[in-house]
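K.L.:
Chains as they are written, first to last, in this note's numbering: chain A, 31 to 476; chain B, 31 to 476.
1. Are the CB atoms of residue 95/A and residue 112/A within a distance shorter than 7 Å?
2. In chain B, what lies closer than 7 Å to residue 274/A by C-beta?
3. Can you pull the chain A residues whose beta carbon is under 9 Å from the beta carbon of residue 290/B, in chain order?
4. Which residues bound the alpha helix (DSSP H) around residue 223/B?
5. Need the endpoints of the alpha helix (DSSP H) that residue 411/A sits in, please.
6. Counting only Cβ pairs nearer than 7 Å, list the residues of chain A close to residue 368/B.
7. For residue 329/A, report the span of its alpha helix (DSSP H) as first-last.
8. To the nearest angstrom, how far is the alpha carbon of residue 374/B from that of residue 416/B?
9. Per DSSP, what kind of secondary structure is residue 265/B in: helix, strand or coil?
10. Which residue's Cα is closest to the Cα of residue 319/A: 120/A, 246/A, 439/A and 181/A?
11. Using a threshold of 7 Å, state whether the C-beta atoms of residue 202/B and residue 212/B are closer than that.
12. Between the region 319 to 333 of chain A and chain B, which residues of the former have CB atoms less than 9 Å from a CB of the latter, in chain order?
13. Counting only runs that start and end within the region 94 to 154 of chain A, where is the beta strand (DSSP E) found for 3 or more residues in a row?
14. Could you compute how far the alpha carbon of residue 418/B sits from the alpha carbon of residue 399/B?
15. In the DSSP output, which residue or residues are listed as bridge partners for residue 156/A?
16. Inspect the beta-carbon positions of residue 367/B and residue 408/A and report whether they are closer than 7 Å.
17. Between the region 301 to 313 of chain B and the region 451 to 465 of chain B, do at least 3 Cβ pairs fall closer than 8 Å?
18. Give a yes or no on whether 7 Å exceeds the smallest Cβ distance from residue 267/B to chain A.
19. Check the Cβ of residue 205/A against every Cβ in chain B and list those closer than 9 Å, keeping chain order.
20. Which residues, in chain order, does the region 458 to 469 of chain A contribute to contact with chain B at a C-beta distance below 7 Å?
21. Can you give the beta carbon distance from residue 180/A to residue 218/A, rounded, assuming they're within the 8 Å contact cut?
22. Could you tell me whether any Cβ in chain B is nearer than 7 Å to the Cβ of residue 102/A?
23. Are the Cβ atoms of residue 229/A and residue 276/A separated by less than 7 Å?
24. Establish whether the CB of residue 235/B and some CB of chain A are separated by less than 7 Å.
25. Give, in chain order, every unbroken run of the beta strand (DSSP E) that is at least 3 residues long and sits entirely within the region 198 to 260 of chain A.
26. Sort out for me which residues DSSP pairs residue 405/B with in a bridge.
27. On a CA-only basis, which of 345/A, 363/A, 347/A and 346/A is nearest residue 353/A? Give me that one, please.
28. Is the distance from the Cβ of residue 234/B to the Cβ of residue 241/B below 7 Å?
29. I want to know whether the region 339 to 352 of chain A touches the region 377 to 386 of chain A - three or more CB-CB distances under 8 Å.
30. Taking the Cβ atom as the reference point for each residue, do residue 317/B and residue 187/B lie within a distance shorter than 7 Å?
31. Where does residue 285/B sit, in a helix, a strand or coil, going by DSSP?
32. Quick one: which chain B residues come within Cβ less than 8 Å of residue 375/A?
33. If we call anything under 7 Å between Cβ atoms a contact, is residue 468/B one with residue 422/B?
34. Whole angstroms are fine: how far does the CA of residue 443/B sit from the CA of residue 435/B?
35. Compare the C-beta of residue 263/A against all C-beta atoms of chain B and say whether one is closer than 7 Å.
36. Around the Cβ of residue 182/B, are there at least 16 other Cβ atoms within 10 angstroms (buried) or fewer (exposed)?
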């Protein structure tokens, strides 16, 4: 049995599971109609997503849309949509996409119930949610039996290498993107074969129709809406990671790509030694995880790490690498090439023959922060002045609460944070994260 | 009495001195003719330079050219020139410009005796030495009595601020350049008034004749040879310094510009404290001064300091300032903003989709110098590897003897050198140099 057959055996939902899924789908549909009747609204339940397409892995989300007539008022759709969802499920929580929706369980299976407008023609302007039924229909109409397992293989491969999902936490490949890639290339092996040679700016289109111009790394034109790039959520880094994974898998297919081992945290002594061997300074910012939607949280964290890195760079503190980690708390890690700088710095002014030269000299000639100068070097004015921050910790301490890091992160930081440097970071609770941060391995290598 | 009158009183050669100078000039001329007669060659002695133009300061060099017929063979000119010079002077040394010449004393006055070809027309191709008689004639023909003192003032001003002389040690203003500036602007005050507003690329021409294109900071077309920039030896830094000195002198004329105080070396304790306050690392390279022509020495030293600075920069060690100093020994000083770097560095490779990506990964995947990776960041390969040099001293120790620093400097360094860092530099013999290096004042401010 080859590797891919073995993977399929492990990921295919069994007949029992599929029977239970079908029963729950039926029950949800009936309950939706019943609940809508009670509320006096006319709706149509529609199974969408991977279960509808028979491309789901084991333990899938069952996605049921509740289609409202286009004439429905938006506030009514939102209110009734939630009411129906809550009435149908055993337990639930409200979630937010373009409309609020309900996620929960029925008979112990995961179910999402999402209200949306019924749209007859995908050329109408529509939201991503409204587009979903058309995606489902497109895949169902274009796939054959053989495609389904190949889609499952690709999904599991992406799960294994850690880039399955278009959400902000992952910035990877959506289920729909996987389906389109299999429809385009025919099977999993052929996706691998082609993707290993992808270049930045690769464009995949299913027909000759005019389509939008995109500047993302990978462009997959949505056959249902040629103005949309199905791969728009994919980060450049994950695009590159996928290409590399395909190269490696092509040369040396292994089960570990689909089922990577767990990351085993190194012990504290090893981490301390690693830190010492690298001779860098590692600074961590730790604060409670903001309570907000995962997409918002991750997109803010990503931006916040970039913003802090940028400030450090502006002040001359060079960063080799940065990452963030979340569980109940957040830890942002920054590894510095340059963590400390001298008391003074050389501050460059205008050329001597520049109209501002006089003002520069006047400003600094008797300034208390001057160590030497103003002086002339290569025709320019310079002055050696006291540096505002002589190490990156001072800088971050001074700036952290005033930087715009996104509303939720700013709030969390106001509640309390810690800045830890080097050995202060070597703690049991951070060990798994430090292990990842230092080793920089690919998931299939752990 | 205003400042400039006071300066003139101090710098004008007195009547006695001028009488002695005239006597020596006469005696040299007579002796040259006599000595040439003995050797059987036909020459003409010609007084040139500042004494000929009556623009000399006290204690001048008396420059006497020995004009040979154009038909003279070059080797004969050189041999007879030296023989005549040696026969005429009380004591002497050989010097080298375009031809060898003799510099020495007669009746305790400094005399230079320089052989050259008699050229009838300055449009003939000629060397800088051959041009001198034409320069002398031009100034004599164009100056009036009033110009002479103004030229003396400008020369003393430039002496005072440290940029009088076109030689490599100074990279400043030649005597001829001073004379032309006074002829052009009329008097010293007017030079100051105009020069304070000079911009980079200022061009001064004495007539409408076509002239060469130059890209130096200051261009003064030689009225005797419009293909030549009289200010070509002036460095950008000294051009800027002159502009600034003119600005300051214009606002606040002071005797100190003409007669700056001596630099008083700070005591060692103050220097040590200064170093500590700046928080930088200062590295000095000390070796015996090469025995060579001053022009060659200074031009090689300047290039060598630049070359060492460039290597440091390449390896990530940032320099705030560098200078060299010479007496019997040379000391090169480098002040570092970044003197030490971590054990590892992040080494950037090609993008994942680049044809070289595979080779990069192959090279580093199991390399002994790797700390982590190869890994992917923003679509590029990176690897964290051991840094070759973790501080600038190690780097300089490893590279110094293999860098091309100019033949004479390389030789001197091979004979032995020292690399001193921070407190190791705080020694009595280096104190005057460290004082200049740290204070970065202008000469008129000491």
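Backbone N, C-alpha and C fix where the C-beta goes; we use that ideal spot for every residue, glycine too.
P.N.:
In brief:
1. Residue 112/A places its beta carbon 7 Å or farther from that of residue 95/A.
2. What residue 274/A touches in chain B: 382 and 406.
3. The CB of residue 290/B never comes closer than 9 Å to any CB in chain A; the least such distance is about 16 Å.
4. 218 to 225 is the extent of the alpha helix (DSSP H) around residue 223/B.
5. Judged by DSSP secondary structure, residue 411/A falls outside any alpha helix (DSSP H) and instead within the beta strand (DSSP E) spanning 410 to 416.
6. The contacting residues are 368.
7. Residue 329/A -> alpha helix (DSSP H) spans 324 to 344.
8. Distance between the alpha carbons of residue 374/B and residue 416/B is about 4 Å.
9. Here DSSP, grouped into helix, strand and coil, assigns residue 265/B to coil.
10. Looking at the Cα atoms, 439/A is the closest of the given residues.
11. Not a contact, by the Cβ cut-off of 7 Å.
12. The residues in question: there are none.
13. Complete beta strand (DSSP E) runs here, min 3: 121 to 126, 130 to 136 and 139 to 147.
14. Residue 418/B and residue 399/B: Cα-Cα distance of roughly 10 Å.
15. Note: residue 156/A is not bridge-paired with any residue in the DSSP secondary-structure output.
16. No, Cβ-Cβ distance for residue 367/B and residue 408/A is not below 7 Å.
17. Short answer: they touch.
18. Interface with chain A (7 Å Cβ-Cβ cutoff): residue 267/B is included.
19. For residue 205/A, none of the residues of chain B pass the 9 Å Cβ criterion, the least Cβ distance being about 24 Å.
20. Taking 7 Å as the Cβ-Cβ cut-off against chain B, the residues of the region 458 to 469 of chain A that qualify are 468 and 469.
21. About 5 Å; that satisfies the 8 Å criterion.
22. Contact of residue 102/A with chain B is not assigned, every C-beta pair being separated by 7 Å or more.
23. No; because the gap between Cβ atoms is not below 7 Å, this pair is not in contact.
24. It does not: the Cβ of residue 235/B has no partner Cβ on chain A nearer than 7 Å.
25. The beta strand (DSSP E) runs lying completely inside the region 198 to 260 of chain A and spanning 3 residues or more are 232 to 234, 248 to 252 and 255 to 259, given in chain order.
26. Partner(s): 412/B.
27. Among 345/A, 363/A, 347/A and 346/A, the Cα nearest to that of residue 353/A is on 363/A.
28. The Cβ atoms of residue 234/B and residue 241/B lie no closer than 7 Å to each other.
29. At 8 Å Cβ cutoff, the stretches do not touch.
30. Contact flag unset, no.
31. Looking at residue 285/B - three-state DSSP - the assignment turns out to be helix.
32. Those are 350 and 367, listed as they occur along chain B.
33. Not closer than 7 Å, so no.
34. Answer to the nearest angstrom: the Cα atoms are 10 Å apart.
35. Taking a beta-carbon distance threshold of 7 Å, residue 263/A does not count as an interface residue toward chain B.
36. So residue 182/B counts as buried.
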